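Protein chains in written order, with the working numbering: chain A, 234 to 495; chain B, 234 to 495; chain C, 234 to 495; chain D, 234 to 495; chain E, 234 to 495; chain F, 234 to 495. By construction, the Cβ of each residue, glycine as well, lies at the ideal position given by its N, Cα and C atoms. The structure presented is a predicted model; accordingly, all values stated were derived computationally and were not measured. Take a look at the structure below.
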């Protein structure tokens, strides 16, 4: 089976940059996968993407060395399994608030005897190789999103779940859950401290810590905090920001700092 | 019929910024149409877009005040007419190298007695109004692309064609046609002088002059030259540049000037 | 945030006509949105529509003043949240049979602290405005479908749920649940009386009452009963009836009353 | 090869009703094909339909006994041939203004030695049978649209072309070409007389005469004039008219005669 | 309502061959439906197919006499109900491990009073007829997949569930669940004996037994075991095997037995 | 720019096997590209494929080492240029019957000064590299289909055209053009001799000769004749043949030789 280079880098203590796709388009996916990201994640939760678009986007990413991942919309067995069958090498699952939920995620994504994933890889065999099923459980990365006050309270239990590889922080939802304004670079002390704590607990338990950011600057800061995987915005926001900046400049207005985005 | 605000501004001597869509996606089209462009053009020639995607993108643009235009792939009657029926308020047609070709374009796009456009607007009536057919010939903008040495030689004849509203310059093809490296901001003296001459001849004949550019800076310079409509790159290049810049910055490399792009 | 005109009208005691879309097509959606309905609802339960089609249809409706709503296929968190992120201004949820189910619906659709909706609006920000998240909970309309005998028994509890704005009656399912023939204009006494009772209880509790009908005539009758929102058939049935009537007439048969439809 | 029932009826002197599809949707196509039309024509000229949608719609029509036809966007070899390969049993080609154009149409649609159609039927073999290529030239119906003053002048020559089965009148374009208001039921004397003359010349030459109409009433009148094939509006207009009528009635306005439509 | 010929044959003790579709394509679906299978099943679990593709494929199958069935991705109410509304005449549901799960499946698929299926057939009425809802519960076939050790333990209870018509064995998952290598033709004694036992128990309880196989040879063997419905591979594997064999042969290698496939 | 391995092999005198795609599906395209073909050609003429599907299929093929080619539907400038921009590394153009037509093909596909291809590669730059435009004319393969009696008469002139790399024979159309039954393995003496002559003339002029075949057996024979590139059937026929054979075998009928196919 094709090795998961992302896992290799993370296991070696390295840091990785992750691209994020919310446009349902295989050409923009291929463009993004060519820009130097270590991995590219298709967002099926808040991105405007669903299964058939994701299949085409997985193919587009597979023309490059970037590792194809998906952010599933929910902790559920149908779409998650279909995306694995289609060749996703990593799953980021939102709203994992308890140990039981983390275990359910593992159960969906791992073959027996570790879990209850049903047998029937399709594209995954083309991308991963004929021995896909023998090694899938070792190669595919599973990240639980920790993004609520409840998850924070259950953090130690969540990161202890066997078969889970890491935690991915959604700063906007985490802020909102704590009664703060949603933002990808929270300045509120309680949220800032939660984001640091999540990283520390995760790594202490031998798991990988990832986080969504709003810019290269924030990503660099998070790497400094110990996060190993950082995402920068998404294709839609990168495009909107770039277009808006060009319009402002061409209209003779002063270029401004990019607006805070989700 | 809904007025074509782009024509109004151009006729009043104003300048306009045009967005350019090469991703076949109605969500990215809607994002682009919200960034402050006066018009947004769907590129069916070099963009990865075809008719059904263009229909959805025309709808997406129509949720905003930006004027919807299309760059058709060729001077031909089928797709051009379908895009007009679907509500395009402007047509930019590539490779118009002679008066006869410009007249053929007018013939396709104007109703009898001015031309031979067949009757059957569909979305155009929803977007433009029930009296669409009575006023379409006055509202819809037609631009001929002047982008070869041959077109340059025939420029005066081309811009004299009745029913044609303006000329749109493709600097890359023009450069290539002159044996130079294709680029959106040519520095070669012969090309630079051709770009200036096209603008002057076009405006002298009472037509509008538009041009493709690679940045706000180049657009500002072209406005200074007398061009009234400037396009800045396209969605795909804006996205690629923004993502590449973020990756470079996050990887600790120095931010660099955006690479010259097509 | 863009105001929800439907909510404003309903809150003012007014009545509204709602269009219903079961064809997965953004052009027919745009046609329907231009026919004078106050709102247009995309049916993802019994309509042949899924998420990507719905996004295009939301865009199409957004070219008009009609308020875009969705009938979700089930009381679940994935698709409902994606449709809200895509800009739906109203949700009609089938088969709400208990207070707990109504609360679950509210939980999915409202942001913390009212619910657990995850943060990440995409098209919703383009349609609603940059302050979407601050006001979404006040603008977006939530209707619970009351369409079973069980729901009828729990009606008072259901309509008391905070965050729920109204009730929408599905006469066919309600009839079937009561052991009667499914129809949009039931004549059976028990069903008739249930439909009246639902309206009365709903309005008494300060909520809005909506109902599906088979014709303008039935809608007018329901308005008389106190229902404030009435839907007339759907695009597929309107088309089928109109085509069948034309064929019958052209074949020399007498035009007949439209067949009772679902 | 499956017999073309439309040809059989027309050859026997019978009259047929034709449905017209401008929505790119295989479900609405299937609905239309179930309403009693003898044939259903997919409009790739003024309908919002292109090739892949048409393939799905041909399949949908093929679930019924209605004969599947296409109105191609232009007299050209690419799309026309692809639609024949996909199983269209009839072709209506717009803007045939001369004998040479009619001969070109025949050349595209007939196999050698009659024409130059390239060999490679795909769905056509599934729908028509394994002996499709031996009989396609006898079964498939070819209609030339006569819809300009020029075509009228060349009518006798056009209808004399071997391999052409009939003529189809587009009253809107014909009106416009004559300097009159485009409408499907022209009252102008010159147009009315042209429509009658086309039918007479066509039938005199042993060809079939078809025409687009705006209603069953007009169709009945045209049948009386000698036309054997009449189309009534299209799916989009039937839907728009039905929805608008329902809205008007529900809003308490008097039902009105359907607006004249294209 | 159109009769379900598959049910008729099975009830008469006959055997049937089932095709299996994992390519999201209505043309390949139509091709498969023409090859002589008694039924064709669209696989929405491990096939790369989702709802809108399935609708087009159901239409394609409906151009033939093959009975259209679906393998749903999970025992859940949303997609299953949508596929029934779209005209599926049979449902194969994976991972039914207990009586309660089998009852839940029946509840989703049968109308009141037998279950809780919501009323609103769309294509199903076109395919099945206007009286669809009165007879759907008698015509539509429901198969529970028995493919885990747990299901085996609960087999007698599962096959006793009223409203369930049969059992369908997934040999790969069954093998994996028993700790064996997943394969469609298991040689392991425990799995072989389980496959025989499932058939026997199912038929003893008056239900139909179906099974997935890897070849005509295995299917013939399973028919001999008492299975009445056998599937042979799927479209993707048939294509891959045929192409690989042609390449091997053309390259001068000896033709080899087809590789064991999933 | 990425080297065209197919050109390298052909230039070295080697032989290549080519796959042929007529299903509009990127998953089946990826499957085919994994079966060992040297190149895979997307058929936009007789395949049920159009531009947007082809883009996804080019991406799918690009996940493998197989060289992506297209068979365009016609000798025309629009779609051919779009497919090159999308990354096709080879073009097979049907119905090249004269030197002028071959020159027109070259003109469309080569950049100035060799031709008039417009500048604007999109996916081609991702697949080929940033220096795509400098080397595209040397890497991309152009094949003219010789498949009529007329082409045969003009063969020497056609193969002398500069910028054209080879000739591709369509045996079915060639047969039909000669008044014989269309088949991929003609036995008719005149056709057999024409196929041999085309190969000889082509190679004598230093061009590559390719041909469509119905089986590995025929391909091996053609390789023996001097053809360097052979295609075996297409995905649709491979699938149909494999399914039909499995059904026949499972029904206890004797396996038969595959039916002659197109």
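- Counting only residues of its own chain and dropping the five nearest sequence neighbours on each side, residue 462/B has a CB closer than 6 Å to the CB of 249, 251, 443.
- Per DSSP, the beta-bridge partners of residue 376/F are 325/F, 399/F.
- At a cut-off of 7 Å between C-beta atoms, residue 459/F does not count as an interface residue with respect to chain A.
- For residue 302/C, DSSP records a beta bridge to 274/C.
- Residue 381/E is positioned such that its CB atom lies closer than 7 Å to that of residue 330/E.
- The Cβ of residue 293/B sits closer than 7 Å to at least one Cβ of chain C.
- Residue 261/B does not reach chain F, its nearest Cβ partner there being about 14 Å away, counting only Cβ pairs nearer than 8 Å.
- Around the CB of residue 395/C, fewer than 16 other CB atoms lie within 10 Å, so the residue is classed as exposed.
- Taking a Cβ-Cβ cut-off of 8 Å, the neighbours of residue 264/A in chain F comprise 359, given in sequence order.
- The beta carbon of residue 370/D is closer than 7 Å to those of 343, 344, 347 in its chain, skipping five residues each way along the sequence.
- For residue 300/A, no chain F residue has a Cβ inside 7 Å of its Cβ, as the nearest lies near 14 Å away.
- Against chain F, a Cβ distance below 7 Å from residue 288/A picks out 260.
- In the structure shown, the three-state DSSP call for residue 308/D is coil.
- One finds nothing in chain A with a Cβ atom closer than 8 Å to the Cβ of residue 253/E; even the nearest lies about 11 Å away.
- Interface residue (Cβ-Cβ distance to chain C less than 7 Å): residue 239/D is not classified as such.
- Sequence-distant partners of residue 411/D (beyond 5 residues in either direction) whose C-beta falls short of 8 Å from its own C-beta, in its chain, are 382, 421, 423, 424, 427.
- Residue state for residue 451/D is assigned as helix, using DSSP reduced to three classes.
- DSSP places residue 281/F in the coil class of the three-state scheme, outside both helix and strand.
- The criterion of a C-beta distance shorter than 7 Å is satisfied by residue 259/A and residue 292/F.
- In the DSSP secondary-structure assignment, residue 254/F is bridged to 275/F.
- The alpha-carbon separation between residue 475/D and residue 327/D amounts to approximately 28 Å.
- By the Cβ criterion, the region 359-370 of chain C is in contact with the region 310-329 of chain C, since at least three pairs of Cβ atoms, one from each stretch, lie closer than 8 Å.
- Counting C-beta pairs closer than 8 Å gives three or more between the region 235-249 of chain E and the region 262-271 of chain E, which meets the contact rule.
- Any Cβ of chain A closer than 7 Å to the Cβ of residue 296/F would place that residue at the interface, and such an atom is present.
- Short of 8 Å from the beta carbon of residue 408/F, and not among the five residues preceding or following it, lie these beta carbons of its own chain, in chain order: 414, 415, 416, 419, 421, 424.
- About 7 Å separates the beta carbons of residue 281/C and residue 256/C, which is inside the 8 Å limit, making them a contact pair.
- At a cut-off of 7 Å between C-beta atoms, residue 353/E counts as an interface residue with respect to chain C.
- Not one beta carbon of chain F lies nearer than 7 Å to the beta carbon of residue 462/E.
- For a Cβ distance threshold of 8 Å, residue set 260, 263 of chain A lies close to residue 356/F, ordered along the chain.
- Within the region 404-479 of chain F, the complete beta strand (DSSP E) segments of 3 residues or longer fall at 441-446, 462-465, listed in chain order.
- A straight-line Cα-Cα distance of about 16 Å links residue 453/A and residue 401/A.
- If you keep only unbroken alpha helix (DSSP H) runs of at least 4 residues inside the region 335-368 of chain F, you get 356-361.
- The C-beta of residue 268/E comes closer than 7 Å to at least one C-beta of chain F.
- As DSSP reads the structure, residue 392/C sits in no beta bridge.
- Per DSSP, residue 236/D is not a residue of any alpha helix (DSSP H), being assigned neither H nor E.
- By the beta-carbon neighbour count (other beta carbons within 10 angstroms, threshold 16), residue 262/A is buried.
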